[in-house]
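Asker: First residue of the sequence shown? That's 2 in the working numbering, and the numbers climb one at a time after it. Before I ask anything, let me first share the structure, which is written out below as structure tokens.
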Amino acid sequence: MRLSLRFVLPLILVLAGIAYAVAPLVDQLTLRWFVHDLDSRSSLIANTIQEPLQEQLAADKKVKIVEFFNRITQNERLYAVGYCASPTGKVLASRLLPAEIRCAGLDRWEGPGDHLLPSAQGPLHVTVQPMASEAAPAGRLVLVHDMSFVTRRSEETKRYVFYLFMGLAVVVSLITVVIAQLSWRGWMAGMRSLLRGEGLLRQPGSGAQPNLPGFKPIARDLQRLISELEAETRARDEDQITWTPESLRAILHGELRGEDVIVVSNREPYVHQRHGDRIEVQQPASGLVTALEPIMRACSGTWIAHGSGSADRDVVDKHDRIAVPPGKPVYQIRRVWLTAEEEAGYYYGFANEGLWPLCHIAHVRPTFRSSDWSQYVAVNRKFAKAVVSESKTKAPIVLVQDYHFALLPKMIREELPDATIIAFWHIPWPNPESFAICPWRNEVLEGMLGSSILGFHTQFHCNNFVDTVDRFLEARVDRESFTVSFGGKLTAVRRYPISIAWPPEAAMVKKPVPDCRSDIRQMNDLPPEHKLGIGVDRLDYTKGIMERFRAIERLLELNPEWIGRFTFVQIAAPTRSGIEEYQHHETQVRGMAARINGRFERGGPPPIVLKVEHHESREVYEYFRAADLCFVSSLHDGMNLVAKEFVAARDDDRGVLILSQFTGAARELPEALIVNPYDADQCAAALHMALTMPADEQRDRMRLMRGLVAEFNVFRWAGRMLLDAAAMRRRSRLADKKDRGEI
């Protein structure tokens with residue numbers, strides 16, 4: 002022991018000396034990093050304020066410029082802002098601009114270097130950004146950042162470095178003492194066991210290797226510490242991740258490497274269609290496909306879907322599989338074949354005449370038939386068998402998509418009890434009173450509670466689901482953690498708001514906005530400066546198309562100056578035309594558009610242009626970029642991605658979004674004009690406000706919405722679900738080890 006102490010004390014002193022020697026290097030490196038970040042931040046600020054500043058300069062509103070500078074310097078780190086039109090001019094500045102900074106001496110702050118200026122508050126970082134204009138070719142913007150936070154961070158860093166080395170000294174010392182003790186008690190046997198990685202956690206009698214009970218508390222504490230650090234790091238990093246396909250793939254490779262991942266949906270990601278003697282591969286325009294494709298590419302899993310293409314059977318192997326994407330396959334599609342009777346009962350019947358109107362509460366009576374229910378159960382069972390046959394392990398990760406498969410989670414759980422099942426409900430969930438209409442409500446709820454994680458778009462839908470379970474099932478509901486315990490299994494009910502890919506594909510926004518405006522107006526026989534509105538929906542009664550048309554009619558009644566000056570183009574893709582309610586709805590929409598046009602057309606451009614036909618995504622984006630406003634008037638919607646696609650299309654920061662309060666998107670995009678689609682007068686007022694909104698207000702609203710869509714994109718939606726699944730699997734494995742006494 003004395004020998005150990007003779008070694009430990011000098012070691013601690015040496016490591017303490019190293020810590021003090023390293024601290025100045027850390028200071029320099031930290032300063033260099035922060036200066037680089039502030040330079041980048043200065044460029045971003047300059048680009049952001051250039052346009053409004055140039056407008057104020059052109060109008061010679063110097064007082065407003067100073068007010069503008071004072072307003073933006075309310076940021077914690079931005080200390081002062083100034084502008085010099087010329088080297089001999091007077092600086093326009095916020096109130097805290099240091100006296101040492103004058104237009105005549107700005108050269109000293111340009112070029113490479115730290116550019117630090119001492120002050121009573123602490124060091125200041127000065128950056129000069131060129132901001133030329135026609136009136137001021139030599140104009141320059143001065144940005145001064147408060148660097149006092151760097152001093153605080155530097156002190157924290159030095160303290161952490163010192164603690165790190167001290168901790169390292171303690172750990173090394175502890176190891177030294179432990180080894181000394183082992184040497185006193187036959188340390189050779191213990192060392193051999195350590196080198197082989199054996200014996201530390203082995204139970205007595207489980208093998209021939211020696212058992213070291215003295216190490217069990219240390220191992221247990223270390224494992225608990227590692228788990229806590231991993232959870233903390235992951236939570237912190239998730240907030241800082243820039244979510245892209247590449248970052249999603251990297252995370253999934255790290256978190257789910259080697260895992261068996263299976264996706265189940267009614268729609269398939271690639272459809273093979275026959276055109277004469279030729280087979281063409283199509284990728285459906287679907288938010289679901291866009292969201293899940295990166296997961297499958299990253300995990301090389303299996304996607305199980307209904308094979309609906311005319312040539313789907315011709316290209317699969319004997320196991321009904323095909324590798325995709327074409328040309329560079331990385332995962333498999335397993336196609337499930339349905340008879341005409343199965344599709345009529347499962348898809349058109351129970352799913353779309355029963356669950357769809359029930360969940361959307363859109364004043365269409367749900368239709369429930371026992372024959373449809375029988376087909377729905379049979380098709381869900383058929384997909385469950387496909388999941389079991391495609392599982393490479395006993396514990397796959399299965400992502401079940403949407404209301405077509407409410408029974409599937411429980412069916413999978415019965416066959417694969419160790420599976421991690423994530424079910425996502427893409428449509429709203431109604432209140433318990435509305436859901437009580439369903440004759441098989443308990444069976445649907447029990448099926449969904451087979452999930453490990455059950456996802457909805459909004460917290461409101463999560464609340465409704467938990468309330469429904471509490472009303473109709475004998476289950477234990479924990480409203481603090483939002484979990485449901487049923488049948489001995491725990492289901493986490495979570496909010497995962499779906500979104501779109503960001504940034505949009507380059508091809509979608511390649512055509513300049515002025516060209517889009519000109520071409521779309523010419524295509525629809527409208528004058529060049531004609532005001533244009535756009536609506537893009539499936540021809541579905543839940544989308545509020547008739548309410549939208551009533552609002553346009555009311556606008557023209559209250560503001561007749563828009564007659565002949567404003568046209569609304571409604572793109573309505575046909576859908577579910579085999580269902581009588583949809584046929585009746587299409588007839589009503591066509592009739593209302595014709596009536597309004599007959600009332601207000603008066604020889605000029607029509608108020609409404611109705612296009613009941615499918616449009617490719619590129620065509621839709623061209624309309625988005627050409628329009629002055631987009632009107633989304635859904636009567637009830639899970640999220641509504643059209644609203645987010647319109648925002649993504651407007652890289653010119655123009656255009657106004659009018660958004661129904663009954664969409665999930667309304668909770669994420671409050672900068673839109675939020676309306677009640679049933680209130681025609683309110684919607685007409687919003688249309689008038691959108692048509693007369695100043696360009697600067699349009700820009701401010703659109704920039705905020707674009708920032709949110711960029712940050713909360715579809716890759717974040719998919720990544721959060723998979724990260725939660727990975728965490729759940731880790732906790733399950735640790736619990737299993739604890740039950741077996743290994744921890």
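For every residue, glycine included, the Cβ atom is placed at its ideal position computed from N, Cα and C.
#1: Using the three-state DSSP reduction, which class does Arg539 fall into: helix, strand or coil?
#2: Across the stretch 372-387 and the stretch 348-362, are there enough close Cβ pairs to call them in contact, namely three or more that are closer than 8 Å?
#3: If we count the other Cβ atoms within 10 Å of its Cβ and call it buried at 16 or more, is Val64 buried or exposed?
#4: Can you give, in chain order, each stretch of the alpha helix (DSSP H) that sits fully within the stretch 318-389 and has at least 4 residues?
#5: Below 8 Å on the Cβ atoms is my contact criterion, and I expect Leu670 with Met703 to pass it. Report the Cβ-Cβ distance as a whole number of Å.
#6: According to the neighbour-count rule (16 or more other Cβ atoms, all chains shown, within 10 Å of its Cβ), is His126 buried or exposed?
#7: DSSP state of Trp304, grouped into three classes?
#8: Starting from the C-beta of Arg1, find all residues in its chain whose C-beta is less than 7 Å away, skip the five residues before and the five after it, and write them out in chain order.
#9: Please report the straight-line C-alpha distance between Glu475 and Thr469, rounded to a whole angstrom.
#10: With DSSP run on the structure shown, which of helix, strand or coil describes Glu415?
#11: Counting Cβ pairs closer than 8 Å, one from the stretch 578-591 and one from the stretch 499-518, do we hit at least three?
#12: For Leu642, which of helix, strand or coil comes out of DSSP?
#13: Any idea what DSSP makes of Gly83, helix, strand or coil?
#14: Determine the DSSP secondary structure at Phe663, reduced to helix, strand or coil.
#15: Output the distance between the C-alpha atoms of Asp419 and Ala736, rounded to the nearest integer angstrom.
#16: Just to confirm the assignment: which complete alpha helix (DSSP H) runs, minimum length 4, are found wholly within the stretch 448-534?
#17: Excluding the 5 residues preceding and the 5 following Met694 in the sequence, name in chain order all residues of the same chain whose CB lies nearer than 7 Å to its CB.
#18: On the DSSP letters alone, give me the boundaries of the beta strand (DSSP E) that Phe567 sits inside.
#19: How many angstroms separate the CA atom of Thr49 from the CA atom of Asp654?
#20: Just to confirm, is the Cβ distance from Ala363 to His637 under 8 Å?
#21: Three Cβ pairs or more, each shorter than 8 Å: is that satisfied between the stretch 617-627 and the stretch 526-543?
#22: Hey, out of Val151, Pro429, Leu249, Gln55, whose CA is closest to Glu135's CA?
#23: I need the straight-line Cα distance from Phe436 to Asp313, nearest angstrom please.
#24: Quick one: grab the DSSP three-state call for Arg279.
#25: Following the continuous alpha helix (DSSP H) through Asp701, name the residue where it begins and the one where it ends.
#26: Closest to Gln402 by C-alpha separation, out of Cys104, Asn432, Ile454, would be which residue?
#27: Determine the DSSP secondary structure at Asp147, reduced to helix, strand or coil.
#28: Under DSSP, the beta strand (DSSP E) around Leu745 begins and ends at which residues?
#29: Start and end of the alpha helix (DSSP H) containing Cys684?
#30: According to the Cβ coordinates, are Val151 and Ile102 closer than 8 Å?
Answerer: Put simply:
#1: strand
#2: yes
#3: exposed
#4: 357-361
#5: Leu670 to Met703, Cβ: 10 Å. No contact.
#6: buried
#7: strand
#8: A query on residue 1 cannot be resolved here, the shown segment of the chain reaching from 2 to 744 and no further.
#9: Taking the straight line from one Cα to the other gives about 11 Å.
#10: helix
#11: no
#12: helix
#13: strand
#14: coil
#15: Ala736 has its alpha-carbon roughly 13 Å from the corresponding atom of Asp419.
#16: Listed in chain order, the complete alpha helix (DSSP H) runs (minimum 4 residues) inside the stretch 448-534 are 460-473, 514-524.
#17: Val657
#18: 567-574
#19: 12 Å
#20: yes
#21: yes
#22: Gln55
#23: 37 Å
#24: strand
#25: Residues 696-712.
#26: Ile454
#27: strand
#28: Outside the modelled stretch of the chain, which goes from 2 to 744, sits residue 745, for which no answer is possible.
#29: 681-693
#30: no
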